[in-house]
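Colleague: Going by my numbering, the residue at position 41 of the sequence shown is 70; the numbering climbs one at a time, nothing skipped.
Sending over a structure as structure tokens; questions will come in a sec.
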Amino acid sequence: DEIANIAPTEVPVLISGETGTGKELVARAIHDLSDRHDEKFVAVNCAAIPESTAESELFGHEKGAFTGAASQRIGWIEHAIGGTLFLDEISSMPLALQAKLLRVIEQREVVRLGSNAPVKVDFRLICATNEDLVAAVAERNFREDLLFRINTFELSIAPLRERQDDVALLFDI
Numbered sequence: 030d031e032i033a034n035i036a037p038t039e040v041p042v043l044i045s046g047e048t049g050t051g052k053e054l055v056a057r058a059i060h061d062l063s064d065r066h067d068e069k070f071v072a073v074n075c076a077a078i079p080e081s082t083a084e085s086e087l088f089g090h091e092k093g094a095f096t097g098a099a100s101q102r103i104g105w106i107e108h109a110i111g112g113t114l115f116l117d118e119i120s121s122m123p124l125a126l127q128a129k130l131l132r133v134i135e136q137r138e139v140v141r142l143g144s145n146a147p148v149k150v151d152f153r154l155i156c157a158t159n160e161d162l163v164a165a166v167a168e169r170n171f172r173e174d175l176l177f178r179i180n181t182f183e184l185s186i187a188p189l190r191e192r193q194d195d196v197a198l199l200f201d202i
């Protein structure tokens with residue numbers, strides 16, 4: 030019910046819950062029920078991106094921006110233009126990248142590494158975490174201003190052990 034209510038809006042959504050609770054399935058359901066359902070759903074696992082390449086992966090880069098940048102690369106944010114960007118395990122994102130993501134959210138534009146030219150971006154943002162982001166803010170591991178921006182609507186997903194009826198549904202997917 031909450032998914033159906035939030036899907037048609039454009040507000041950022043934060044999905045919280047333990048690992049394995051189906052946060053990405055919920056994000057996909059929101060996307061599929063939204064006006065952006067015909068556009069791309071770009072899922073990025075922030076915990077799986079090496080810190081050394083995270084900025085280039087998310088924001089893209091120009092040819093020659095750094096050693097090994099033999100060609101221009103569009104980042105995940107630009108890939109999501111028109112659709113939905115799902116940032117899984119956002120609590121794993123380094124603080125410096127959190128600041129750059131906040132700027133993208135506020136300005137609705139991205140600047141690739143090695144460029145000064147902003148690129149306008151329009152996407153729905155859905156984030157997920159298995160950590161308590163309020164505690165992460167208190168421990169200075171997560172930016173409070175970013176939490177404020179991504180937490181317009183929060184969905185908390187109960188662990189599967191508390192949703193026995195959903196286990197069979199997951200096997201049908």
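Note that the Cβ used here is the ideal one computed from N, Cα and C, for glycine as well.
Tell me which residues share the same chain as N170 and place their Cβ nearer than 8 Å to its Cβ, disregarding the 5 neighbours each side in the sequence.
Modeller: These residues qualify, in order along the chain: S120 and L124.
Colleague: To the nearest angstrom, how far is the alpha carbon of F177 from that of C75?
Modeller: About 19 Å.
Colleague: Which residues mark the beginning and the end of the beta strand (DSSP E) in which I155 is found?
Modeller: R153 to T158 is the span of the beta strand (DSSP E), which, as asked, contains I155.
Colleague: First and last residue of the beta strand (DSSP E) that includes I44?
Modeller: From DSSP, the beta strand (DSSP E) with I44 extends over V42 to S45.
Colleague: What does a CB cutoff of less than 7 Å around V55 pick up in its chain, not counting 5 residues either side in sequence?
Modeller: Cβ within range, chain order: I32, I44, L184 and I186.
Colleague: Tell me the rounded alpha-carbon separation between A109 and R172.
Modeller: Answer to the nearest angstrom: the Cα atoms are 23 Å apart.
Colleague: Relative to the alpha-carbon of Q136, which residue among S144, Q101 and V150 has its alpha-carbon at the smallest distance?
Modeller: When each option's Cα is compared against that of Q136, the closest is V150.
Colleague: Might you give, ordered along the chain, the residues of its own chain that have their beta carbon closer than 6 Å to the beta carbon of F115, omitting 5 neighbours on each side?
Modeller: These residues qualify, in order along the chain: A56, A72 and I155.
Colleague: Among V163, I35 and G111, which residue has its Cα nearest to the Cα of L62?
Modeller: L62 has its Cα closest to that of I35, out of V163, I35 and G111.
Colleague: My guess is that L126 and A94 are in contact by the Cβ rule of under 8 Å, so how many angstroms apart are they, rounded?
Modeller: With 8 Å as the limit, L126 and A94 do not qualify as a contact, their Cβ atoms being about 16 Å apart.
Colleague: Count the other CB atoms within 10 Å of the CB of D30; is the residue buried (16 or more) or exposed (fewer)?
Modeller: That one is exposed.
Colleague: In this structure, does DSSP put V150 in helix, strand or coil?
Modeller: It is coil, neither helix nor strand.
Colleague: Judging by CA-CA distance, which residue of R153, D174 and F152 is the nearest neighbour of L162?
Modeller: Of R153, D174 and F152, the residue nearest in Cα terms is D174.
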